[in-house]
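Numbering (this note's numbering), first residue to last: 19 to 609. Don't be surprised by glycine CBs; every beta carbon is placed ideally from N, CA and C. Predicted model, so just to flag it, every value in this text is computed and none were measured. Heads up, the thing below is written out as C-alpha cells.
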C-alpha cells in the first residue's frame, strides 16, 4: 500500500459520523496498516508532511493521541480517482476501489467516473488519432494458451493473438487458406501436405516456418503436456518438414485434418518461445504489450500478414462492478447524436445439468437422475426467471430442440419415480457456474428438489476452479452451459472428446467408449444428413440414460453505437476486434 491507501484505510477505520478528530494510538494505526509500530510512525509522519492529518501525541502514560483528518474522504478519493483516470491509469483506479470498502455512494460515484472511459475512445495527440476499445471483465482471465483455451472469453482473445493454418468460413461452410495458402490430400484422407505463406512473422520478429508447425503438433501430442485435444493425432504415424514452407502429416486412418487445423487449439506457436505466459507470442492481428491480473493491453500488430486491425489498441480490465447483463459497444464523449442499435444473439448451445459418474452417490442411480429430470419445470423457469432464457432445450442445438420431454408432470409422478430409486435423504453437492443467472437457476432447482425431499447443497464454481481435479472429486452434479463454436462439427467433437470438457471429465469409461463410437462415426461421415443422424443418436443415448439433463437455450443482447462499423458477432457473442472501427465525425462544409 502507499500513503493514499493508508489514509483511506485509517479514515474508514476511525471516522464515524461528522467528527474528524478522534483518539487513537500508534499500535491501533499499526493494526489498521498491517505493519509494525515503527513503520506506522513513518506512515503517520508521511501523512503529516502531505498535510493530510494533524497528529497530537498524548501526554502521559495511558493517554491516547489525537488525529485530525484534514481531507474529507469523498473529496480525497474523488481527487485520487480523477488523477488516475486523467493519466490513463485505469487499472490502478479500479484496483484502488476494489482494495477498500468504500461507502456505497462513494464507490458508485467512482465507478461512474471510470465507466466514462470505457467503450470506444479516440485519443488525439497532435496530428495523430488512436482508436482504443476498453472492455471491463467480470473475472480475471484464465489461460490464453491456445492449446488449452476452452472458455469463450479466453478463446476469443486468443484468436486475436494467434493464427491457424486454415480458417472456417461460416457463410460458405468451407475451409479457407490462412497461414497455409494451399494443401493437398490423398484420396483416402490419410496423407496431407500443407504449403505455408512466406513472410509471415511472429510478434517478436521471427518468420514462420514448417518447424514451428511441427513444434506445435508435437507439443500437443506429448502426453506430459496433457493437452485436451491430443486425440486429434491419435492415429498420426508421422509428421515431417520437407521444406521451410512445406510439411506433410500422415495418419493410419482417414482424418479430417482441415477440421482440426482450423481449431484454435492448433494455433501455431513459435518453436523458439513456445507458450510463455509472461511473454506470449503469436502471429495474430494484435500483440500483448501488458498483461497483469488487473489489465490486458493489446496493440495492433503492424506487421500482420493479412488485413491489419483497424483499432489501434484493446484494453481489458478486471472490473466486475462495471459489468451489466448486456454487452455494450459504446462510443462515449462523441459529439454526434447517440443512436443506439441493438442486436439479439442466439447462443449455439444450451444450459444443462451434468451428473458425476466418477464419484459414488445417488446420482449413479438411473431413477434418481430421472426424478431430477421430471421435477424441473423448464417452462416455468423461463417464464418466471425471464432474462436471457429463451426456450426449453432438448438438444445442444436450438434448431434441433423439439418440445419438452415431459410437458406436464405431477407431484405424484415425481414421488413415484423417486420411490423406485435408492435415494435415502443424502445431501448432494450441487455445483454451479459462478454467474448470476446460473446461481438463480441453481437456487430454483434446489428449492424444487427440496419440495420432493431431495437435499442439494450449493457450491459456486469459478472458471479458474473449473479445471481443478477437486471438482471431479467433490461434485455430485454440476449446472453449467456450453456454447459451441461457429464450426458446429468441431464444437460437437470438442464437447465430447476434449479432456477438458465437463462431460468428458464426468463420464465413466463405459460411457466414454459408447460416446467415442458415435463421435468417430460422426467425424468420418461427409454427408450432412447422415452426420446429423449420428448426432441425434448420440443425444438420444444421453437422454435415454439420463447422463445429463438439458435445461434451456440462451440469447444475448448486444447494443452498439451508430458510430461503430465492422460489428459482426461470432458464436461466442463477441465482435472481432480486428474488424472494428469508429466512423469519424466529419464536419460538412457549406458553400
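Let's test the definition: count the other Cβ atoms within 10 Å of the Cβ of residue i and tell me whether it reaches 16, buried, or not, exposed.
{"i": "residue 389", "result": "buried"}
{"i": "residue 204", "result": "exposed"}
{"i": "residue 13", "result": "Only positions 19 to 609 of the chain appear in this structure, which leaves residue 13 out of reach."}
{"i": "residue 228", "result": "buried"}
{"i": "residue 69", "result": "exposed"}
{"i": "residue 545", "result": "exposed"}
{"i": "residue 170", "result": "buried"}
{"i": "residue 438", "result": "exposed"}
{"i": "residue 35", "result": "exposed"}
{"i": "residue 98", "result": "buried"}
{"i": "residue 420", "result": "exposed"}
{"i": "residue 473", "result": "exposed"}
{"i": "residue 137", "result": "buried"}
{"i": "residue 121", "result": "exposed"}
{"i": "residue 168", "result": "buried"}
{"i": "residue 443", "result": "exposed"}
Is residue i helix, strand or coil when you go by DSSP?
{"i": "residue 478", "result": "strand"}
{"i": "residue 285", "result": "coil"}
{"i": "residue 137", "result": "strand"}
{"i": "residue 167", "result": "coil"}
{"i": "residue 384", "result": "helix"}
{"i": "residue 43", "result": "coil"}
{"i": "residue 249", "result": "helix"}
{"i": "residue 205", "result": "coil"}
{"i": "residue 407", "result": "strand"}
{"i": "residue 262", "result": "coil"}
{"i": "residue 97", "result": "helix"}
{"i": "residue 26", "result": "helix"}
{"i": "residue 430", "result": "helix"}
{"i": "residue 127", "result": "helix"}
{"i": "residue 521", "result": "helix"}
{"i": "residue 553", "result": "helix"}
{"i": "residue 231", "result": "helix"}
{"i": "residue 392", "result": "helix"}
{"i": "residue 36", "result": "coil"}
{"i": "residue 299", "result": "coil"}
{"i": "residue 501", "result": "strand"}
{"i": "residue 238", "result": "helix"}
Enumerate in chain order the residues of its own chain whose CB-to-CB distance from residue i is below 8 angstroms, with the five nearest sequence positions on each side excluded.
{"i": "residue 23", "result": "114, 117 and 118"}
{"i": "residue 477", "result": "447, 448, 449, 450, 492 and 493"}
{"i": "residue 374", "result": "381, 490, 493, 494, 495, 496 and 524"}
{"i": "residue 33", "result": "40, 87 and 91"}
{"i": "residue 66", "result": "72 and 73"}
{"i": "residue 131", "result": "96, 99, 100 and 103"}
{"i": "residue 198", "result": "183, 184, 212, 213, 214, 215 and 279"}
{"i": "residue 37", "result": "none"}
In the DSSP assignment, what residue or residues form a beta bridge with residue i?
{"i": "residue 146", "result": "143"}
{"i": "residue 254", "result": "269"}
{"i": "residue 154", "result": "335"}
{"i": "residue 534", "result": "Residue 534 pairs with nothing; no bridge assigned."}
{"i": "residue 566", "result": "372"}
{"i": "residue 71", "result": "87"}
{"i": "residue 443", "result": "DSSP, once it has assigned bridges, lists no residue as partnering residue 443."}
{"i": "residue 451", "result": "479"}
{"i": "residue 219", "result": "225"}
{"i": "residue 51", "result": "Answer is none; residue 51 lacks a bridge partner."}
{"i": "residue 495", "result": "373 and 448"}
{"i": "residue 186", "result": "193"}
{"i": "residue 508", "result": "Residue 508 pairs with nothing; no bridge assigned."}
{"i": "residue 212", "result": "201 and 265"}
{"i": "residue 313", "result": "335"}
{"i": "residue 318", "result": "304"}
Starting from the C-beta of residue i, find all residues in its chain whose C-beta is less than 7 angstroms away, skip the five residues before and the five after it, and write them out in chain order.
{"i": "residue 322", "result": "303"}
{"i": "residue 392", "result": "424, 427, 431, 432 and 435"}
{"i": "residue 31", "result": "50"}
{"i": "residue 28", "result": "47 and 50"}
{"i": "residue 164", "result": "176, 180, 282, 283 and 285"}
{"i": "residue 158", "result": "311 and 336"}
Does any CB atom of chain B fall closer than 8 angstroms to the CB of residue i?
{"i": "residue 558", "result": "Although the question refers to chain B, the structure presented lacks it and comprises just one protein chain."}
In chain order, what residues of the same chain have a beta carbon less than 6 angstroms from the beta carbon of residue i, not counting five sequence neighbours either side?
{"i": "residue 275", "result": "210"}
{"i": "residue 64", "result": "21"}
{"i": "residue 408", "result": "571 and 573"}
{"i": "residue 334", "result": "153, 155 and 314"}
Original post:
Given 8 angstroms as the limit, is there contact between the region 505-522 and the region 468-479, that is, 3 or more CB pairs closer than that?
Top reply: no
Subject >> Touching by the beta-carbon criterion (3+ pairs, under 8 angstroms), the region 208-227 and the region 266-275 >> reply: A contact exists between the region 208-227 and the region 266-275.
**OP:** Check whether the region 96-110 touches the region 37-47, counting contact only when three or more Cβ pairs, one atom from each stretch, lie closer than 8 angstroms.
**Re:** Taking a cut-off of 8 angstroms on C-beta distances, the region 96-110 does not touch the region 37-47, as fewer than three cross pairs fall below it.
**OP:** Count the CB pairs spanning the region 233-241 and the region 500-508 that are closer than 8 angstroms, and state whether there are at least three.
**Re:** no
**OP:** Check whether the region 322-338 touches the region 248-261, taking contact to mean three or more Cβ pairs, one atom from each stretch, closer than 8 angstroms.
**Re:** no
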